[in-house]
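>
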Amino acid sequence: MSQKLGGYLLAGLISLGLLFRVAHLDQKIFWADEVATAMRAAGYTKAEVTAQLATGQPHSPADLLAYQQLRSPRSTPQLPPRSLTDSLSALMRSPEHAPLYFLLVRCWMELFGSSTSAIRSLSVLCSLLALPVLHQLCRELNRDPAAAQTAAQTAAQTAAQQTAVGFMAISPFFVAYAQEARPYSLWSLLLLLCSTALLRAVRRNRPTNWLIYALTLTLSLYTSLLTVPVAAGQAVFVALQVQGRWRYLAAVCLTGALFLPWIWVLWSQRINLDTNTTWMRTAVPIWLTAAIWLYSAAVLWFDLPVVTTGWLAGIEAMVAATVLAILGYAIVRLIRLRTGLYLAALGLPVPVGLLLLDWGWQGQAAATSRYLIPAQLALLMAAAIGVTQFKPRLRRAAVGLLLSLSLISCIVNLNRIPDYQKDRNRANLELAALINAAPEPMLLAEPSQTLDLLSLSHSLSADTQIRIAPAVQLLPQLDHCPPSFLFNPSESMLAAASQLGLNPKLAYQPQMLLSQDRHLTLWKACSF
Numbered sequence: 001m002s003q004k005l006g007g008y009l010l011a012g013l014i015s016l017g018l019l020f021r022v023a024h025l026d027q028k029i030f031w032a033d034e035v036a037t038a039m040r041a042a043g044y045t046k047a048e049v050t051a052q053l054a055t056g057q058p059h060s061p062a063d064l065l066a067y068q069q070l071r072s073p074r075s076t077p078q079l080p081p082r083s084l085t086d087s088l089s090a091l092m093r094s095p096e097h098a099p100l101y102f103l104l105v106r107c108w109m110e111l112f113g114s115s116t117s118a119i120r121s122l123s124v125l126c127s128l129l130a131l132p133v134l135h136q137l138c139r140e141l142n143r144d145p146a147a148a149q150t151a152a153q154t155a156a157q158t159a160a161q162q163t164a165v166g167f168m169a170i171s172p173f174f175v176a177y178a179q180e181a182r183p184y185s186l187w188s189l190l191l192l193l194c195s196t197a198l199l200r201a202v203r204r205n206r207p208t209n210w211l212i213y214a215l216t217l218t219l220s221l222y223t224s225l226l227t228v229p230v231a232a233g234q235a236v237f238v239a240l241q242v243q244g245r246w247r248y249l250a251a252v253c254l255t256g257a258l259f260l261p262w263i264w265v266l267w268s269q270r271i272n273l274d275t276n277t278t279w280m281r282t283a284v285p286i287w288l289t290a291a292i293w294l295y296s297a298a299v300l301w302f303d304l305p306v307v308t309t310g311w312l313a314g315i316e317a318m319v320a321a322t323v324l325a326i327l328g329y330a331i332v333r334l335i336r337l338r339t340g341l342y343l344a345a346l347g348l349p350v351p352v353g354l355l356l357l358d359w360g361w362q363g364q365a366a367a368t369s370r371y372l373i374p375a376q377l378a379l380l381m382a383a384a385i386g387v388t389q390f391k392p393r394l395r396r397a398a399v400g401l402l403l404s405l406s407l408i409s410c411i412v413n414l415n416r417i418p419d420y421q422k423d424r425n426r427a428n429l430e431l432a433a434l435i436n437a438a439p440e441p442m443l444l445a446e447p448s449q450t451l452d453l454l455s456l457s458h459s460l461s462a463d464t465q466i467r468i469a470p471a472v473q474l475l476p477q478l479d480h481c482p483p484s485f486l487f488n489p490s491e492s493m494l495a496a497a498s499q500l501g502l503n504p505k506l507a508y509q510p511q512m513l514l515s516q517d518r519h520l521t522l523w524k525a526c527s528f
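Position one of the sequence shown corresponds to residue 1 (UniProt numbering), numbered consecutively onward.
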């Protein structure tokens, strides 16, 4: 394929990637983690919101949405607009989430409003900006400062750069996270920037280049704490280079000094840090972690609804195995030590570190796909660079298959939620449909469900009455047992409802792919 034709194809893939990223941007479920993004950016903590809502008094969906907006039209003396200082204070109480992305969201909301599409558009922008940075990173990876390059080598390197950008442009995984109001697209962008800056600094070994590396590494740390193991991998990479070690050490010291404020926050808020990460200490079997790792590699190109039985399950398994085989063969063909070494330094530290953490904590952090983004970036680049070492016919077939699978996956995902996204809020639309179909519905919930109610409020009709309080306080308030719904009730709430004669009956429970999947249920109380 000529470079000119390759350029046209790349432009088409980028255009498709843009369309996939903005399609139905305001219609995808605004799940609990995105609620936390909007809430913290607006200056509220989960504890504050729960305390103000969990009084047993009736609330409308608009009342819940007000906590996810700046300059809310429903601002009252009890709910005044919050300042940037309030946002920073809220972020400090959730120190496990580095603050940069959330502060950017705050500024973004000031400029473009608090709608779902406005908040998510920041992630779309970051995801698109990552494409030219990825192109430059692949160029740096393919540079050989010790030897002149032939025309054939230059053409192969150009093809690798274009292939990598094409892969990422329509990767169903990166498209899906470009549509979420979460830090992962910004983190991907900064990881690519940081990697490009490091390779350039090692090659040129100039103070300015090392300063740029220090700044990009600092920004990445302020976006995700999982940048720490990535930085450790980069340290190993630099230690194996022939130059730049002392200037690298100076750059790391500068980064450490710039990151000290958040280190202090982590220490001072260590109790909140421990409380907020309790979910990570729920054990999952090692086979499930391994399966999720393989799945996380395959969904870079192939992401269709997971089927566990029947002939369709066999076809999906064969396609996924083919994708993994191409990826594995591409990695084997990375014969240039420097390229393979850096991709290993980028991709291995996070999954290995999380796995060790899980063994110590009996946890599940390593089984979370969105935490594996450094590894997924490394795999995507390994595939793009490695396939250029294939024989021409095999190369064309492999690239064509991967791009075709990505395109099909993105088209299918226009009207579905990927299996690795939205967690327990995946069934929000089904829950809301049942609630909205009832006349003047009343929704009852315990305080522990506040964040999920804030998520569900995006889909509820305006006449829905929401009451939040402990079951022993909430249920006796019902004077004449009006038709009501119990939102994801605990066993104690169901028992209390039965004792009071509310006759709770299960109205909805979603199908689960795995028994470990978290989910929300809906129960009917009284008569309908």
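The C-beta atom is built at its ideal place from N, Cα and C for all residues, glycine as well.
(1) Using a threshold of 9 Å, state whether the C-beta atoms of GLY244 and TRP210 are closer than that.
(2) Could you pull out every residue in the same chain whose Cβ sits closer than 6 Å to the Cβ of ILE212, ignoring the five residues on either side in sequence?
(3) At which residues does the beta strand (DSSP E) containing TYR508 begin and terminate?
(4) Under a Cβ-count criterion, where at least 16 other Cβ atoms within 10 Å of its own Cβ denotes burial, should GLU491 be classed as buried or exposed?
(5) Between which residues of its own chain and VAL472 is the CB-CB distance below 8 Å, once the five residues before and five after are set aside?
(6) If you draw a straight line from the C-alpha of ALA432 to the C-alpha of ALA160, how long is it?
(7) Mind checking which residues open and close the alpha helix (DSSP H) that includes ILE468?
(8) With a Cβ-Cβ cutoff of 9 Å, do LEU341 and GLY386 count as a contact?
(9) What would DSSP say about residue 529, mapped onto helix, strand or coil?
(10) Determine the extent of the alpha helix (DSSP H) in which SER127 is found, giving its start and end residues.
(11) Taking C-beta to C-beta, are GLY43 and ARG82 nearer than 9 Å?
(12) Assess, as a yes-or-no matter, whether the segment 443-451 is touched by the segment 15-29 under the definition of 3 or more beta carbon pairs within less than 8 Å.
(13) Could you please give me the residues that DSSP links to MET442 through a beta bridge?
(14) Identify, in the order they occur along the chain, each residue of the same chain with its Cβ nearer than 6 Å to the Cβ of MET39, setting aside the five sequence neighbours on each side.
(15) For LEU522, tell me which candidate among GLN511, ALA507, VAL124 has the shortest Cα-Cα distance.
(16) Expressed to the nearest angstrom, what Euclidean distance is found between the alpha-carbon atoms of ASN142 and ALA398?
(17) Which residues in the same chain have their Cβ closer than 8 Å to the Cβ of LEU494, if we skip the five residues on either side of it in sequence?
(18) Would PRO95 be called buried (16 or more neighbouring beta carbons within 10 Å of its own) or exposed?
(19) Report the start-end ranges of each alpha helix (DSSP H) in the segment 308-359 that is 4 residues or longer and not cut off at the edges.
(20) Shortest alpha-carbon distance to ASN488 belongs to which of LEU443, HIS458, ALA298?
(21) Excluding the five sequence neighbours on either side, which residues of its own chain have a C-beta within less than 7 Å of the C-beta of ILE292, listed in chain order?
(22) Residues in its own chain within less than 7 Å of TYR184 by CB, not counting five upstream and five downstream?
(23) Quick one: what's got a C-beta closer than 8 Å to ARG93's C-beta in the same chain, skipping five residues either side?
(24) Run through the DSSP bridge pairs and tell me what LYS524 is partnered with.
(25) Could you check if THR85 is buried or exposed, using at least 16 other CB atoms within 10 Å of its CB as the buried criterion?
(26) Do SER409 and LEU304 count as a contact pair if the criterion is CB distance below 9 Å?
(27) Excluding five sequence neighbours on each side, which residues of the same chain lie with their C-beta closer than 7 Å to the C-beta of ILE331?
(28) Ordered along the chain, which non-local residues of its own chain (more than five positions away) have a Cβ less than 6 Å from that of ALA384?
(29) Would you mind stating whether THR216 and HIS458 have Cβ atoms separated by less than 9 Å?
(30) Report yes if the C-beta distance between PHE20 and LEU402 is below 9 Å; otherwise report no.
(31) Give every residue of the same chain whose Cβ lies closer than 7 Å to the Cβ of VAL133, excluding the five residues on either side of it in the sequence, and list them in chain order.
(32) Using the rule of at least 16 other Cβ atoms within 10 Å of the residue's Cβ for burial, across every protein chain shown, is SER406 buried or exposed?
(33) Taking the straight line between their C-alpha atoms, what separation do you get for ALA156 and GLN362?
(34) Where ILE14 and LEU429 are concerned, what is the direct C-alpha to C-alpha distance, given to the nearest angstrom?
(35) If residue 533 and THR218 are in contact, beta carbons under 8 Å, what's the gap, nearest whole angstrom?
(36) I'd like to know whether the C-beta atoms of ASN7 and LEU131 end up nearer to each other than 9 Å.
Looking at the coordinates:
(1) Result yes, Cβ atoms of GLY244 and TRP210 sit closer than 9 Å.
(2) ALA197
(3) 505-508
(4) Here GLU491 is exposed. Its C-beta has fewer than 16 other C-beta atoms within 10 Å.
(5) ALA496
(6) 46 Å
(7) Taken as a continuous stretch (DSSP letters only), ILE468 belongs to no alpha helix (DSSP H), being part of the beta strand (DSSP E) at 465-468.
(8) no
(9) Lying before the first or after the last residue shown, residue 529 is absent from the chain, which here runs from 1 to 528.
(10) 116-142
(11) yes
(12) no
(13) GLN465, SER484
(14) TYR67, GLN68
(15) The residue with the shortest Cα to Cα distance from LEU522 is ALA507.
(16) 21 Å
(17) LEU486, PRO504, TRP523
(18) buried
(19) Counting whole runs of 4 or more residues, the segment 308-359 contains the alpha helix (DSSP H) stretches 310-332, 337-347.
(20) LEU443
(21) ALA367, SER369
(22) TYR177, ARG370, ILE373
(23) THR45, ALA47, GLN269, ASN272
(24) PHE485, LYS505
(25) exposed
(26) Contact: yes.
(27) ALA382, GLY386
(28) ALA160, THR163, ALA164, PHE167
(29) no
(30) no
(31) LEU189, LEU192, LEU193, THR196
(32) Within 10 angstroms of the beta-carbon of SER406 lie 16 or more other beta-carbons, which makes it buried.
(33) Each residue's Cα considered, the two are about 45 Å apart.
(34) 31 Å
(35) As shown, the chain starts at 1 and ends at 528. That puts residue 533 outside it, with no answer to give.
(36) In the sequence on display, residue 7 carries Gly and not Asn. No, they are not a contact pair.
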